[in-house]
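K.L.:
The listed protein sequences derive, respectively, from chains F and L. Just so you know, we're using the numbering used here here: the first sequence kicks off at 1 and counts up by one. Just so you know, we're using the numbering used here here: the second sequence kicks off at 1 and counts up by one. Every residue, glycine too, gets a C-beta built ideally from N, C-alpha and C.
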Amino acid sequence: GESVGLHLPTLSVQEGDNSIINCAYSNSASDYFIWYKQESGKGPQFIIDIRSNMDKRQGQRVTVLLNKTVKHLSLQIAATQPGDSAVYFCAESLRVVNKLTFGGGTRVLVKP
Amino acid sequence: GAGVSQSPRYKVAKRGQDVALRCDPISGHVSLFWYQQALGQGPEFLTYFQNEAQLDKSGLPSDRFFAERPEGSVSTLKIQRTQQEDSAVYLCASSLGQGAPYEQYFGPGTRLTVT
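1. Assuming V4 of chain L and A93 of chain L make a contact with CB atoms under 8 Å, what is their CB distance in whole Å?
2. Please state whether DSSP places Q41 of chain L in a helix, a strand or coil.
3. Leaving out the 5 sequence neighbours to the left and right, which residues in its chain are closer than 6 Å to S52 of chain F when beta-carbon positions are compared?
4. Taking 8 Å as the threshold (C-beta atoms), are Q37 of chain L and T110 of chain L in contact?
5. Exposed or buried, which one is P61 of chain L when buried takes at least 16 other CB atoms within 10 Å?
6. For T101 of chain F and chain L, any beta-carbon pair shorter than 8 Å?
7. I'd like to know whether the C-beta atoms of L8 of chain F and V64 of chain F end up nearer to each other than 8 Å.
8. In the DSSP assignment, what are the bridge partners of E92 of chain F?
9. Mind reading off the beta-carbon distance from Q50 of chain L to S31 of chain L? Whole number of angstroms is fine, and I expect it under 8 Å.
10. Under 8 Å, with one C-beta from each stretch per pair, do the region 37-57 of chain F and the region 10-22 of chain L reach the 3-pair mark?
11. Which residues does DSSP list as the beta-bridge partners of H72 of chain F?
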């Protein structure tokens, strides 16, 4: 399959360390935010979401933080594993509209 | 169960040819979305259906792009007179409903290369 992350910023992480991926979103009216993981040759895969009335949400090994004041979103991955190597995109939407606006993406490389 | 499927997975077209890309959403999903993803970039919204109704086509880049979902299930994205700038991965996503933030499930995409 094609390579998704040829020209994306890259985060290199040692296996077992924590990863933090940052995203600045554009629309102050957006009220729903999602992180997606995309492996080469595949479509984006949902990781975790958060609504604008929250500032933190935790899943399995992942945490999303939302700072509406500065329009910033972050994804924290605990104990990063080789299978976490992929391109990560944040996306924003208006719930009543539901179409997604994606950010530019970050490539994560996990070193063994 | 089966996820979103797209066909063909790869399509090579000569400039000026017409192409048709197919999306089979998850059974029972009301909403269907098409996105375009250029190499090294995030997906960009093209159009959105709720059942058979095309509610938003604001992202279609030109009138050469046309999408339909006549029976509220399978959808086809058609590109007429393809140009080199149309080369991209075309992603289809479906979700259970509309209004509330239902998760969008993406297919693997169709990679279109226009030569």
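P.N.:
So, to answer that:
1. Within the second sequence, numbered from 1, the residue matching residue 4 of chain L stands at position 4. Within the second sequence, numbered from 1, the residue matching residue 93 of chain L stands at position 93. With a Cβ gap of about 7 Å, V4 of chain L and A93 of chain L count as contacting.
2. For the purposes of this step, residue 41 of chain L is taken as residue 41 along the second sequence, with counting starting at 1. DSSP places Q41 of chain L in coil when its eight states are reduced to three.
3. Start at 1 with the first residue of the first sequence, and residue 52 of chain F comes out as number 52. Closer than 6 Å at the Cβ level, and outside the excluded window around S52 of chain F, lie D31.
4. Stepping through the second sequence from its first residue, residue 110 of chain L is reached at position 110. Stepping through the second sequence from its first residue, residue 37 of chain L is reached at position 37. Contact flag unset, no.
5. Counting from one through the second sequence, the residue named residue 61 of chain L turns up at place 61. So P61 of chain L counts as exposed.
6. By 1-based counting over the first sequence, the position of residue 101 of chain F is 101. With 8 Å as the cut-off, T101 of chain F counts as an interface residue toward chain L.
7. In the first sequence, counting from the first residue as 1, residue 8 of chain F sits at position 8. In the first sequence, counting from the first residue as 1, residue 64 of chain F sits at position 64. Taking 8 Å as the Cβ cut-off, L8 of chain F and V64 of chain F do not qualify as a contacting pair.
8. By 1-based counting over the first sequence, the position of residue 92 of chain F is 92. BP columns for E92 of chain F point to F:F33 and F:T101.
9. In the second sequence, the residue the question calls residue 50 of chain L occupies position 50. In the second sequence, the residue the question calls residue 31 of chain L occupies position 31. The pair is a contact, with the Cβ atoms about 6 Å apart (cut-off 8 Å).
10. no
11. What you label residue 72 of chain F is simply residue 72 of the first sequence in a count that begins at 1. BP columns for H72 of chain F point to F:A24 and F:N67.
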